[in-house]
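Input: a single structure, listed below in structure tokens.
In the numbering used here, the protein residues as written are 11 to 98.
In structure tokens, the structure reads:
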């Protein structure tokens, strides 16, 4: 469980408010979020919040995978190649 040390230390103490940076990074840009379904760091609620804040964000969830998908999963590959083909 990758989140155990973070949760034990108190996530608020370790993680600054990154939403302003996320907004600047994604403003007017097409971005792709690939989330492992079993991630204990990137919750479904946070992924949904990211989607609301970045309307141009494509999102795919890789089933049965933890926080860091290997990106060779069929779901990840099906999202990555079309995304890269659209990058100017």
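Each residue gets a CB set at the ideal place from its N, CA and C atoms; glycine is no exception.
In this text the structure is predicted, and so the values were computed from the model without any measurement.
With respect to the 8 Å criterion, residue 70 and residue 47 are not classified as neighbours on the basis of their beta carbons. By a beta-carbon distance limit of 8 Å, residue 56 does not contact residue 81. Their separation comes to about 20 Å. Three or more Cβ pairs closer than 8 Å define a contact, and the segment 59-66 meets that threshold against the segment 24-37. Judged by beta-carbon spacing, residue 93 lies within the 8 Å limit of residue 42, meaning their Cβ atoms are closer than that value. Beta-bridge annotation (DSSP): residue 87 is not paired with any residue.
The C-alpha of residue 59 is placed about 24 Å away from the C-alpha of residue 83.
For residue 45, the enclosing beta strand (DSSP E) covers residues 41-46.
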